[in-house]
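To convert, take the position in the sequence shown, counting from 1, and add 18; that gives our numbering.
Every residue gets a Cβ at the ideal spot worked out from N, C-alpha and C, and that includes glycine.
Quick caveat, the model's predicted, so the values are computed rather than measured.
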Amino acid sequence: MHIITSIRDIQGHIKKLKENHATIGFVPTMGALHEGHLSLVREAKRKNDTVVVSIFVNALQFGENEDFSHYPRTFENDCKLLSQEGVDMVFHPDAAKMYSKGFCTSVIPGHLENALCGKSRPGHFRGVAVVVLKLFNIVKPDIAYFGQKDFQQTVIIKRVVSDLNVDVIIKILPTMRDQNGLALSSRNAYLSEVEKKDALCLYKALTKAQSMVQAGIQNTENIVQEMEKIIHTTKSATIDYISIVSPETLEEVPMAHSGDVAALAVRIGKTRLIDNVILLFS
Ligand code: PAF
């Protein structure tokens, strides 16, 4: 497995692969890898000749009071896991190379950045959009893989790719959960054992939403109220938002329809967690 830090070097490798008509599967990450990331890597392996994984903690997508400085960085272990999965290249650029002196370009994902997480994380999705676009331009993947847990991110990336005619296929794979239903996330590393149990309230609330629509209840105000009740039973939990939205526009819907998405962000103690489910009518 090649570990490459230089943009020029990886571009050289990619050029050769393209000359040999090898397909490239790409998994962008910020490291602190877990089974959710590895599920993306495995799918990329199944469908492509070469797999590239990037590990880059992107300062541009963190707000001033957010966790950039203590975001978990586990590079050696990440590389061990990726090598076991048979990944061909890890791209681990340094921030000064990604954002060289004078960098001033933004990618603004229009109204989509103001919904859901965008309300309490202003600027976050601009940071995501710009780094993902840069990574796509460097790695030139045929297919790029993302997890559904970051639902708003996936909607924005698909939109940016479509609006700017980026030549890449975006694949979204299901959220990976632990045996109790907690969505896997690098930020789970911040949770104590007690908080991990408390954090199950997110999945319980989403499961409630799913069962309500399956019982024929479509009024989203009622569904959200029931979800709130579940979160409020957990003392350490504070709701940032609970919304039921259309999957393309991210606008809240008054009546849920099959394919709409129930999404929430909840703080457990100091840790902000997100999760979502696609509501399916039986
Ligand atoms: O989902 C993430 O880990 C990040 O937002 C991404 C897509 C790697 C961009 O930094």
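Just measuring C-alpha positions, the residue of 280, 95, 153 sitting nearest residue 76 is 153. DSSP lists 163 as the beta-bridge partner residues of residue 189. What you get when you keep residues with a C-beta closer than 6 Å to any heavy atom of the ligand PAF is 46, 47, 48, 76, 79, 146, 149, 150, 168, 171.
By the 16-neighbour rule on beta-carbons within 10 angstroms, residue 169 is buried. Between residue 236 and the set 215, 209, 279, the nearest pair of CA atoms involves 279. Judged by their CB atoms, residue 116 and residue 89 are not nearer to each other than the 8 Å cut-off.
Under the three-state reduction of DSSP, residue 44 is assigned to strand.
Judged by beta-carbon spacing, residue 50 lies within the 8 Å limit of residue 204, meaning their Cβ atoms are closer than that value.
Here residue 44 is not near residue 147, since their CB atoms are 8 Å or more apart. If only uninterrupted alpha helix (DSSP H) runs of at least 4 residues are considered, those enclosed by the segment 127 to 183 are 135 to 138, 142 to 157, 169 to 181. Looking at the backbone, the Cα of residue 140 and that of residue 113 are separated by about 21 Å. Rounded to the nearest whole angstrom, the C-alpha separation of residue 228 and residue 248 is 14 Å. Where residue 95 is concerned, the enclosing alpha helix (DSSP H) starts and stops at 93 to 102. Judged by DSSP in its simplified three-state form, residue 280 adopts strand.
Counting along the chain, residue 291 sits inside the beta strand (DSSP E) bounded by residues 289 to 296. About 6 Å separates the Cβ atoms of residue 58 and residue 191, confirming a contact at the 8 Å cut-off.
For residue 258, the enclosing beta strand (DSSP E) starts and ends at 255 to 263. Secondary-structure assignment with DSSP links residue 75 through no beta bridge to anything. Inside the segment 184 to 243, DSSP marks whole alpha helix (DSSP H) runs of 4 or more residues at positions 211 to 216, 218 to 232, from first to last along the chain. Remark: three or more beta-carbon pairs, one from each stretch, lie closer than 8 Å, so the segment 240 to 260 and the segment 270 to 286 are flagged as touching.
Judged by DSSP in its simplified three-state form, residue 270 adopts strand. Going by DSSP, residue 20 is part of the beta strand (DSSP E) stretching over 20 to 22.
Taking the Cα positions, residue 27 is about 17 Å away from residue 105. Residue pairing of residue 286 in beta bridges, as defined by DSSP: 255, 289. Cβ-Cβ distances below 8 Å link residue 200 to 206, 214, 217, 218, 220, 221 in the same chain, with the five nearest sequence neighbours on each side left out; the list follows chain order. Judged by DSSP secondary structure, residue 108 falls within the beta strand (DSSP E) whose first and last residues are 107 to 109. The beta carbon of residue 176 is closer than 7 Å to those of 188 in its chain, skipping five residues each way along the sequence.
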